[in-house]
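In my numbering, the protein residues as written are 9 to 97. Glycine included, every Cβ here is placed at the ideal spot set by N, Cα and C. Since this is a predicted model, take the numbers as computed values, not measurements.
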């Protein structure tokens with residue numbers, strides 16, 4: 009990833025608009041990134057994967073039927089070794 013100072017990025021935006029089609033650009037201020045400039049395609053991919061990310065919910069926010077379904081669920085026996093880690097003898 010290319011790093012560029014904020015002033016350079018501002019003065020030469022057109023140049024970085026072309027570069028970003030090949031690689032993301034980290035916009036730096038005082039040696040720290042203040043933001044990242046990415047292509048539209050890369051941004052859309054990021055949004056897509058963000059939307060696919062798992063969500064977690066507190067049981068108090070779920071319907072009773074949902075909590076019961078989760079509580080009644082059973083893992084495949086292929087994961088017994090993981091269950092054993094949770095219940096050491």
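Could you give the first and the last residue of the continuous beta strand (DSSP E) run that contains residue i?
| i | result |
| --- | --- |
| residue 67 | Neither: residue 67 is in no beta strand (DSSP E) and is coded neither H nor E. |
| residue 33 | 33-37 |
| residue 11 | 10-13 |
Does the Cβ-Cβ distance between residue i and residue j come in under 8 Å?
| i | j | result |
| --- | --- | --- |
| residue 35 | residue 22 | no |
| residue 75 | residue 46 | no |
| residue 33 | residue 19 | no |
| residue 95 | residue 83 | no |
Residue i by DSSP, collapsed to three states: which one?
| i | result |
| --- | --- |
| residue 81 | coil |
| residue 25 | helix |
| residue 59 | helix |
Name the DSSP beta bridge partners of residue i, please?
| i | result |
| --- | --- |
| residue 43 | 35 |
| residue 49 | Beta-bridge pairing links residue 49 to no other residue. |
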